[in-house]
Amino acid sequence: MNKGVRHYLQVADLEREALLSLIDRAMELKELHGQGISYMPAKGKVLGMIFEKASTRTRVSFEAAMYQLGGSVSFMAKKDLQLDRGEPLKDTARVLSRYLDCIVIRTYGQNMVEEFARWSDIPVINGLTDSHHPCQILSDVMTVMENKGKDLSSLKVAWVGDGNNMAQSWIQAAARIGFPLYLACPKGYEPDEGIMAAAQKETRFPLELLRDPVEAVKDADVINTDVWASMGQEDEAEERKKVFTPYQVNQELLKHAKPDCIVLHCLPAYRGQEITDEVLEGPQSVAWDQAENKMHLHKAVLEWAMGLRD
Ligand code: CP
Ligand code: NVA
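In the numbering used here, the protein residues as written are -1 to 308.
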């Protein structure tokens, strides 16, 4: 990787202080935005976005963030690029580095963003891979802090469902930032063993993989869930519905958590599967603030990556 270029490919790329300072900055930028104060340090800068999977929130919130910072955006569906006709990634990365100031990539394998970053002279930001969703997790932690205060060390955070990209980014965040995390995942759908082991080695807080969702959410302050079949797993959707049914976040499950427990879902949500309509639309759901916070957090990430405040 090119030294000095600020890539953000997974949570574990950054130290605790750097992660917390992105969240603090996102809170400041949210405040400025709320006051209608314009802040445009990215005038003349261009953000590239290569997306190989669908996106509503990540795409539009990064675009809005870059425009509000005064910059412009070039969105590229991968199928429209020469990349899709066999042009090597390393050639694409070097050429785009000559036009752009930063790039967000949403794709399948984590190795794709890593390879791109190896050849890129501009910052590469992971906008979701099969293994990680590192920007999402920071806006989620920001949302938790807005509701529960900035000291997360005594909170009980629960993850219920698939051990997927979101679960793995939560695991890295729990270890790096420092808070207790209890995951309940069905057999065969656990997070990656290596990611879990590295995080358990790093953290001094409880980080446990359980089977029973009731045990995971018992007295929890925060409950997270996500789709049962992620993008790219559409063929497994029917099978997964059977396996994951006991892992639905519903009013019954919430009874085991603290009465003021908040419920997070990164969206898109499938009501009646991983979460009920009642919970998603209910008073404990913070999913809509979570979605908004993506835009403020993305501004902080863009500002940091392009060195706009240095
Ligand atoms: N949460 C999230 O990443 O949503 P999109 O897939 O719509 O970007
Ligand atoms: N786990 C989901 C997250 C979507 C934002 C997926 O990868 O499809």
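Even glycine gets a Cβ: it sits at the ideal position worked out from N, Cα and C. Note that this is a predicted model, so its numbers are computed, not measured.
Delimiting residues of the alpha helix (DSSP H) encompassing residue i
{"i": "GLY32", "result": "14 to 32"}
{"i": "ALA63", "result": "55 to 66"}
{"i": "HIS294", "result": "285 to 303"}
{"i": "VAL277", "result": "275 to 278"}
Whole-angstrom distance between residue j and residue i, CA atom to CA atom
{"i": "GLY159", "j": "VAL261", "result": "13 Å"}
{"i": "ASP119", "j": "PRO266", "result": "33 Å"}
{"i": "VAL299", "j": "ASP217", "result": "33 Å"}
{"i": "ASP214", "j": "ALA182", "result": "Note that residue 214 is Ala in the sequence shown, not Asp. Their backbone Cα atoms lie some 6 Å apart in a straight line."}
{"i": "MET222", "j": "ARG116", "result": "Correcting the residue type first, residue 222 is Asn in the shown sequence and not Met. Cα-Cα distance, rounded: 33 Å."}
{"i": "THR90", "j": "GLY186", "result": "37 Å"}
{"i": "TYR245", "j": "VAL9", "result": "26 Å"}
{"i": "LEU126", "j": "ILE103", "result": "7 Å"}
{"i": "ARG14", "j": "ALA172", "result": "10 Å"}
{"i": "GLY32", "j": "CYS133", "result": "21 Å"}
{"i": "ARG269", "j": "HIS130", "result": "23 Å"}
{"i": "PRO211", "j": "LYS253", "result": "12 Å"}
{"i": "ARG83", "j": "ASN162", "result": "29 Å"}
{"i": "ILE273", "j": "GLY280", "result": "11 Å"}
{"i": "GLY42", "j": "VAL71", "result": "11 Å"}
{"i": "PHE242", "j": "LEU208", "result": "14 Å"}
{"i": "PRO184", "j": "TYR97", "result": "46 Å"}
{"i": "GLN80", "j": "HIS263", "result": "35 Å"}
{"i": "MET140", "j": "ILE21", "result": "6 Å"}
{"i": "ALA275", "j": "ASP308", "result": "Before going on, a small fix: residue 275 reads as Asp here, not Ala. In a straight line, the C-alpha of ASP275 is about 45 Å away from that of ASP308."}
{"i": "TYR106", "j": "LYS51", "result": "8 Å"}
{"i": "GLU112", "j": "TYR37", "result": "31 Å"}
{"i": "PRO178", "j": "VAL220", "result": "11 Å"}
{"i": "LEU94", "j": "LEU295", "result": "24 Å"}
{"i": "ILE101", "j": "GLU250", "result": "43 Å"}
{"i": "ARG146", "j": "GLU85", "result": "What sits at residue 146 in the sequence shown is Lys, not Arg. One C-alpha to the other measures close to 48 Å."}
{"i": "PRO121", "j": "GLU290", "result": "24 Å"}
{"i": "PHE114", "j": "PHE60", "result": "19 Å"}
{"i": "LEU278", "j": "GLN271", "result": "11 Å"}
{"i": "GLU232", "j": "SER167", "result": "21 Å"}
{"i": "LEU30", "j": "LYS297", "result": "12 Å"}
{"i": "VAL3", "j": "ALA235", "result": "39 Å"}
Expected contact under 8 Å - CB spacing of residue i and residue j to nearest Å
{"i": "LEU136", "j": "LEU45", "result": "18 Å between Cβ atoms; not a contact."}
{"i": "GLN170", "j": "ALA197", "result": "6 Å"}
{"i": "ALA165", "j": "PRO189", "result": "5 Å"}
{"i": "GLY230", "j": "ASP128", "result": "6 Å"}
{"i": "ASP287", "j": "GLU144", "result": "7 Å"}
{"i": "ALA303", "j": "TYR6", "result": "7 Å"}
{"i": "ARG238", "j": "ALA227", "result": "5 Å"}
{"i": "ALA40", "j": "LEU67", "result": "4 Å"}
Residue i - containing beta strand (DSSP E), residue span
{"i": "MET47", "result": "44 to 49"}
{"i": "LEU262", "result": "260 to 263"}
Task: Those runs of the beta strand (DSSP E) which lie wholly inside the segment 173 to 253 and span at least 3 residues - done: Whole beta strand (DSSP E) segments, 3+ residues: 179 to 182, 205 to 208, 220 to 223.
Open item on the list: For the structure I just gave you, are there three or more beta carbon pairs, one from the segment 19 to 31 and one from the segment 46 to 55, closer than 8 Å?
Closed with: no
TODO: Mind listing, in chain order, the continuous beta strand (DSSP E) runs of no fewer than 3 residues lying wholly within the segment 67 to 121?
DONE: 70 to 75, 100 to 104
Task: Cβ pair count under 8 Å reaching 3, the segment 145 to 154 against the segment 68 to 83 - done: no
Open item on the list: Which complete beta strand (DSSP E) runs does the segment 125 to 182 hold, if anything under 3 residues is left out?
Closed with: 155 to 158, 179 to 182
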